[in-house]
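Undergrad: Structure provided below as structure tokens; questions to follow.
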Amino acid sequence: MTKSVGLGLSPVASWLFISFQVVLIVLYGLFTRHVGTVTVDHSKSSSSDVDASTAGHSKGEEIFNVGPYAAFQDVHVMIFIGFGFLMTFLSRYSYSAVGFNFLLAALAVEWSILCQGFLHAWHSQHAYITLKLSNLLAADIASAAFLISFGVILGRLTPLQLMVMVVIQMPLFAINEHLTYFVFKDQNAERLRSLVSDAA
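Rendered as structure tokens:
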């Protein structure tokens, strides 16, 4: 019988989680870029998160619009706090619901940024993935698809099986979203439509 550590993870599962994090760090180092410096502009109210055409700023400087940050903040809190505490009414699984929610949501957000970024970079023929606020918001929404599925099977799968579920479900969500926006050209589609269809 193996001794469990932390959240009830076996040593093998713990090492696999750590190994996957190391792989993600290497992939982020190789394939992602954060371009330019950012200046906060409180006067903007448009829906885009970066507007580089503002006069009076240097060429490499991006102007950060604080408007979408509020939406990101709300969705981020929902993902990391809301989903975990939503499942605490199941007294038998309340601690594992909160703990696994934090662990798996972080893993899902990290992996989703790369999965969606690879598809968008491939479609637009960019050499790397640009990290920005809209990527984080899209990754949070993608992780919600996993967390909905996680709520259904809470207490039935091992942590290792949940990690495999994240690794499989995030690319499937990214492919579903990519097909909706770029292949079927449905520009009016909401991300929630992809979320619901993927979570089901």
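Oh and the sequence shown: position 10 is 10 in the UniProt record's numbering, straight run, nothing missing. Even glycine gets a Cβ: it sits at the ideal position worked out from N, Cα and C.
(1) 9 angstroms is my cut-off, CB to CB: does Ser134 come that close to chain B?
(2) On the criterion of 16 or more Cβ atoms from any shown chain inside 10 Å, does Asp74 qualify as buried, or is it exposed?
(3) So, for Phe20: in the same chain, excluding its five sequence neighbours on each side, which residues have a beta-carbon less than 8 angstroms away from its beta-carbon?
(4) Quick check on the burial criterion: 16 or more other C-beta atoms within 10 angstroms. Buried or exposed for Pro11?
(5) Strictly by DSSP, which residues pair up with Arg33?
(6) In the structure shown, what three-state DSSP assignment does residue 201 receive?
(7) Measuring only the C-alpha atoms, how far is His120 from Phe17?
(8) I need the DSSP call for Leu9, collapsed to helix, strand or coil.
(9) Could you check whether Gly84 and Ala97 sit closer than 9 angstroms to each other, using their CB atoms as the reference points?
TA: Judging by the given coordinates:
(1) The structure shown contains no chain B, having only a single protein chain.
(2) exposed
(3) Leu107, Met163, Val167
(4) exposed
(5) Thr130
(6) Summary: the structure shown does not reach residue 201, with the chain confined to residues 1 through 200, and so no result is reported for it.
(7) Computed Cα separation, rounded: 26 angstroms.
(8) Note: Leu9 maps to strand in three-state DSSP.
(9) yes
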